[in-house]
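Data block below; observations after.
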Amino acid sequence: MIILSGRDLIEVLRAEIAVNAVKEAFKLYSERRILQPPRVVLDIKGNWWGIMPSSTDKSFVAKIVSVIEENKNRGLPSVQGFVVLMSPDTGETLAIMDGSILTAIRTSAASILSTEISINSRNIGNLGVIGAGTEAYYHVKLSLEYFKIQKLFITARKNHIELARKFGAEATDLETLLKNSDVVFATTSSITPVVLGKYLKDDFHVSSIGAHTPNAREVDDDTILKIRSYIVDSMEAVANETGDYIIPKQRGMLNNKLVAEIGEIINKNIKIERPSLFKTVGIAAEDNVTAYIAYQEAIKRGIGTNVSI
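Using my numbering, the first residue of the sequence shown is number 315, and each one after it goes up by one.
Structure follows, in structure tokens:
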């Protein structure tokens, strides 16, 4: 068994590998070739905790993850967790790995994949990232590896100036970012919209990874009205977990739009019409395939710490 630290995962999950991993995960999920029971969600001391099991022919994975916003004041990532990878044939534990970094990388890779599918190019124009936490950091890091970007904008309630400085981006206000970005990644914990359609261009792609409860919104109605394609990671998951899908659906705002899972779009080669939105709440399939590929890469390259239990 090997232990893969966050640093190990950063080394083995370069952007290209991570994007290919989530692409495979979404394809398998759409084909119903991943066993993925509903995640167990707990409220512990007012914080969100999830237990996410899944299995394929090659791997069984369980992730335990928490989202604790107060951690920002403690100098800790708000997302904490770990992933266990086991053999579905023998039951052996193959690897234990950092769950917060794995989550950040696979979520960023999903946003990148949705963008490439929508834009149909790696030259995406101006990118705007809303947020300055761990997810924002990895969205920027992997995007700079994967895409050709003309200009990078970052905004947040705080800390975005420091993040922008790290990557040579422009720290700006929300309105300026939305008006000037061709692609927007919303990576916030806000329960009220930060993606405001009145400021967006006529042609855009948005990936929204926040708003994980039925009443929370990261994207406003004006944005929903503008889009022509609404892409999701899992129809079942978004229909139960995020106000960004539940509320517009109840209001009839998704009628006459393409609404489809990203895996189905890939498998059936469905053409995306922009403006477009990708809504992801994260599914266990992403963790499973990404963890398995990280393990394979680590073994091949001799990365990780070998332990016995």
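The beta-carbon is built from N, C-alpha and C at its ideal position, and this holds for glycine as well. Note that the coordinates shown come from a computational prediction; the quantities given were computed from them, not determined experimentally.
When DSSP reads this structure, Asn-361 sits in a beta bridge with Ile-358. Straight through space, the alpha carbons of Val-333 and Ala-424 are spaced by roughly 7 angstroms. Three or more Cβ pairs closer than 8 angstroms define a contact, and the region 586-604 meets that threshold against the region 517-527. Counting only the Cα atoms, Asn-473 lies some 19 angstroms from Val-509.
The criterion of a C-beta distance shorter than 8 angstroms is satisfied by Val-393 and Val-381. Rounded to the nearest whole angstrom, the C-alpha separation of Tyr-452 and Tyr-609 is 20 angstroms. Note on Gly-439: 16 or more other CB atoms within 10 angstroms of its CB, so buried under the neighbour-count rule. Separation of Arg-479 and Thr-537 (C-alpha to C-alpha, rounded to the nearest whole angstrom) is 29 angstroms. The alpha-carbon separation between Asp-547 and Gly-405 amounts to approximately 29 angstroms.
With 16 or more other Cβ atoms inside 10 Å of its own Cβ, Glu-555 counts as buried. For Lys-593, the enclosing beta strand (DSSP E) starts and ends at 590-593.
CA-to-CA, the gap between Thr-501 and Ala-450 works out to about 6 angstroms. Considered as a whole, the region 566-609 harbours 572-575 and 590-593 as its complete beta strand (DSSP E) runs of no fewer than 3 residues, in chain order. If only uninterrupted beta strand (DSSP E) runs of at least 3 residues are considered, those enclosed by the region 382-427 are 393-400 and 407-412.
Short of 8 angstroms from the beta carbon of Ser-414, and not among the five residues preceding or following it, lie these beta carbons of its own chain, in chain order: Gly-320, Val-379, Pro-391, Val-393, Gln-394, Gly-395 and Thr-448. In the same chain as Met-567, and ignoring 5 residues on each side of it, the C-beta atoms closer than 6 angstroms to its own belong to Ile-538, in chain order. Under the 8 angstroms Cβ criterion, the region 344-364 counts as touching the region 572-583, having at least three qualifying pairs. Separation of Leu-477 and Asp-403 (C-alpha to C-alpha, rounded to the nearest whole angstrom) is 44 angstroms. By the criterion of a C-beta distance shorter than 7 angstroms, Gly-511 is surrounded in its chain by Asp-534, Asp-536, Thr-537, Leu-539 and Lys-540, once the five residues flanking it on both sides are discounted. For Tyr-544, the uninterrupted beta strand (DSSP E) segment begins and ends at 543-546. Here Pro-351 is exposed: its Cβ has fewer than 16 other Cβ atoms, across all protein chains shown, within 10 Å. Looking only at Leu-456, Arg-420 and Trp-362, the smallest Cα-Cα distance to Val-603 is reached by Arg-420. Contact between Ala-551 and Ile-597 holds, since their C-beta atoms are separated by about 6 angstroms, short of 8 angstroms. Annotated three-state conformation of Lys-455 is helix, per DSSP. Restricting attention to Met-411, Asp-371, Asn-437 and Asn-583, the CA atom closest to the CA of Asp-496 is found in Asn-437.
With a cutoff of 8 angstroms on beta-carbon distance, Val-375 and Gly-364 are scored as not near each other.
Counted as a single uninterrupted DSSP element, the beta strand (DSSP E) harbouring Phe-499 occupies residues 497-500.
Per the coordinates, the alpha-carbon of Asp-517 lies some 14 angstroms from the alpha-carbon of Asn-434.
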